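Novice: The sequence shown: position 160 = 1154 (the numbering used here), numbered continuously.
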Amino acid sequence: MLDDRSKLLLKTLVERYIADGQPVGSRTLSKAAGLELSPATIRNVMSDLEELGLITSPHTSAGRVPTARGYRLFVDTMLTVRRDELHPVENLPNATLQAEQPRQVLSQAAQMLSNLSQFVGVVMVPKRPTVFRHIEFLRLSDRRVLVILVSPDGDVQNRVIHTQTDYNQSQLQEAAQFLNTHYAGLSIDQVKERLRTEVESLRDEIASLMVKAVEAGSEAIDQQDEVVVAGERNLLSVSEFSRDMDHLRKMFDLFEQKTQLMRLLEVSNQAEGVRIFIGGESQVVPYEDLSVVSAPYEVDGRVVGALGVIGPQRMPYDRMIQIVDITSKLVSNALSHHK
995 MLDDRSKLLL
1005 KTLVERYIAD
1015 GQPVGSRTLS
1025 KAAGLELSPA
1035 TIRNVMSDLE
1045 ELGLITSPHT
1055 SAGRVPTARG
1065 YRLFVDTMLT
1075 VRRDELHPVE
1085 NLPNATLQAE
1095 QPRQVLSQAA
1105 QMLSNLSQFV
1115 GVVMVPKRPT
1125 VFRHIEFLRL
1135 SDRRVLVILV
1145 SPDGDVQNRV
1155 IHTQTDYNQS
1165 QLQEAAQFLN
1175 THYAGLSIDQ
1185 VKERLRTEVE
1195 SLRDEIASLM
1205 VKAVEAGSEA
1215 IDQQDEVVVA
1225 GERNLLSVSE
1235 FSRDMDHLRK
1245 MFDLFEQKTQ
1255 LMRLLEVSNQ
1265 AEGVRIFIGG
1275 ESQVVPYEDL
1285 SVVSAPYEVD
1295 GRVVGALGVI
1305 GPQRMPYDRM
1315 IQIVDITSKL
1325 VSNALSHHK
């Protein structure tokens, strides 16, 4: 347990380091904390904090910087986000989401998170039900047909299929009408199964087209990105990362693979409110110097995904909490009102 003086000095040190990015020395700490303490007393307190693993001293400097454990203690017990300091949504630049299609909302949200934070924005895409509300076929050229699948929530998936037969537009309309009349609202798997048993009652060429279209729809759903990422290049301007290209390369690999991001956001998906993950303290964020601020978002009161900001440990957590909290509410509102 830390006494009040140690807590104040640790809080001041973390805040100064976040603001300046430079190791904090005893003299700077004394002035910033506003305490009438001798340099020797401050050095003793910093030595105690270092023994507890809360701060560390870089080899090239007499000052101290927070460790992952120090950031965690700061975030959990010393960070306050006053509600009266929250920026109204309308005062945030670019803080609007157009609910034309749910997928567009998520892409806009990732970009918004990146723009407002100047770090990386990530949004988890909900598992989309494999159900179509409407299907259309459009002839592109000989034996090339565009399949347009509209999901119940209004998302549109387009796929080009190559067919053995050169269908005219009236045949394509006939096939689309049959599918919309008999199969709308069913899952792709259900449509596949019913087509297998009912295909004999259809003309061979139309049945073949339908089977191919359903396969294309299944592929479109399987190939959806599970995470939308925006602003990776912002990390190039973060001094902690830009000094170590190998470290930076690992960061970009993380965004490329996306599997680690999925695990991270799935954890956030199960929680209420904003959560903060600090790199190096667990396998959830395996990289040192990396932190994530995340929150779930909802559709009609049901949590369906999560979003967040990824950046350096040295980030202004109070502002990141505001940005993530507001964006999650905007996404929830946009998706819930989109019908």
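Ideal Cβ positions, reconstructed from N, Cα and C, are used throughout, including at glycine. Only a predicted model underlies this, so the values are computations on that prediction, with no experimental measurement involved.
Hey, quick one: how far does the alpha helix (DSSP H) through Ser-1135 stretch, first residue to last?
Specialist: Not the alpha helix (DSSP H): Ser-1135 falls in the beta strand (DSSP E), residues 1128-1135.
Novice: Determine, using beta carbons only, whether Gly-1064 and Ile-1049 come nearer to each other than 8 Å.
Specialist: Yes, these two residues count as a Cβ contact at 8 Å.
Novice: I believe Glu-1260 touches Gly-1273 by the beta-carbon criterion, under 8 Å. Please report the beta-carbon distance rounded to the nearest angstrom.
Specialist: Contact flag wrong, Cβ pair sits at about 18 Å.
Novice: Report buried or exposed for Ala-1103, applying the criterion of at least 16 other Cβ atoms within 10 angstroms of its Cβ.
Specialist: buried
Novice: Asn-1088 to Ile-1317, Cα distance in whole Å?
Specialist: Only weak support exists for where Asn-1088 lies, its pLDDT of 48 falling under 50; the value from the coordinates is given anyway. Roughly 12 Å between the two C-alpha positions.
Novice: Got a sec? Which residues, its chain only, sit under 7 Å from Pro-1310 by beta carbon, not counting five neighbours each side?
Specialist: Ile-1012
Novice: In the DSSP output, which residue or residues are listed as bridge partners for Pro-1096?
Specialist: Paired residues: none, contrary to the question.
Novice: Please go through the same chain and pick out, in chain order, the residues whose beta-carbon is closer than 6 Å to the beta-carbon of Ile-1270, but skip the five residues on each side of it.
Specialist: Val-1069, Val-1287
Novice: Look at the alpha carbon of Glu-1030 and the alpha carbon of Arg-1021, and state the distance between them as a whole number of angstroms.
Specialist: 11 Å
Novice: Can you tell me the Cα-Cα spacing of Tyr-1291 and Leu-1166, whole angstroms?
Specialist: C-alpha separation (whole angstroms): 39 Å.
Novice: Tell me whether Thr-1061 sits in a helix, a strand or coil according to DSSP, three-state version.
Specialist: In the structure shown, Thr-1061 sits in coil (DSSP, three-state: anything other than H, G, I, E or B).
Novice: Three-state secondary structure (DSSP) at Leu-1046?
Specialist: coil
Novice: Is Leu-1180 closer than 8 Å to Val-1125 when the C-beta atoms are compared?
Specialist: yes
Novice: Is the beta carbon of Val-1119 less than 8 Å from the beta carbon of Leu-1255?
Specialist: no
Novice: With respect to the beta strand (DSSP E) encompassing Asn-1228, which residues constitute its N-terminal and C-terminal limits?
Specialist: Per DSSP, Asn-1228 lies in no beta strand (DSSP E) segment and is marked neither H nor E.
Novice: For Glu-1250, which three-state DSSP category applies?
Specialist: In the structure shown, Glu-1250 sits in a helix (DSSP, three-state: H, G or I).
Novice: Check this for me: beta carbons of Lys-1399 and Ile-1142, under 8 Å apart or not?
Specialist: Nothing about residue 1399 can be read from this structure; the chain reaches only from 995 to 1333.
Novice: Helix, strand or coil: which one does DSSP assign to Glu-1292?
Specialist: strand
Novice: Quick check on the burial criterion: 16 or more other C-beta atoms within 10 angstroms. Buried or exposed for Met-995?
Specialist: exposed
Novice: Nearest-angstrom Cα distance between Tyr-1161 and Leu-1203?
Specialist: Rounded to the nearest angstrom, the two C-alpha atoms are 9 Å apart.
Novice: Please list the segments of the beta strand (DSSP E) lying wholly inside the segment 1144-1171, counting only runs of 3 or more residues, in order along the chain.
Specialist: 1150-1156
Novice: Which residues in the same chain as Ser-1024 place their Cβ atom closer than 8 Å to its Cβ, once the five residues preceding and following it in sequence are excluded?
Specialist: Leu-1031, Pro-1033, Ile-1036
Novice: Could you have a look at Pro-1306 and say whether DSSP puts it in helix, strand or coil?
Specialist: strand
Novice: At which residues does the alpha helix (DSSP H) containing Val-1318 begin and terminate?
Specialist: 1311-1331
Novice: Under 8 Å between the Cβ atoms of Val-1099 and Leu-1301?
Specialist: Not in contact: Val-1099 and Leu-1301 (Cβ atoms no closer than 8 Å).
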